[in-house]
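If you want my numbering, it's the position in the sequence shown, counting the first as 1, plus 1. The structure appears right after this line, and notes come after that.
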Amino acid sequence: MAKIKVTQVRSRIKCTDRQKKTLDALGLRRINATV
């Protein structure tokens, strides 16, 4: 099974509500966080 890495590269301040919920679900809390 293939795996991928997801990294947050921008601030979540200007994100929409839906995008913020997605970041929370992925466990991305700060810039450069990787899961």
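A virtual CB, placed ideally from N, CA and C, is assigned to each residue, including glycine. In this text, all values refer to a predicted model and were calculated from it rather than measured experimentally.
{"Query": "Alpha-carbon spacing of R11 relative to I32, whole angstroms", "Result": "6 Å"}
{"Query": "CB of A26 within 8 Å of CB of Q9, strictly", "Result": "no"}
{"Query": "CB contact flag (R13, K21, <8 Å)", "Result": "yes"}
{"Query": "Boundaries (first-last residue) of the alpha helix (DSSP H) holding Q20", "Result": "18-27"}
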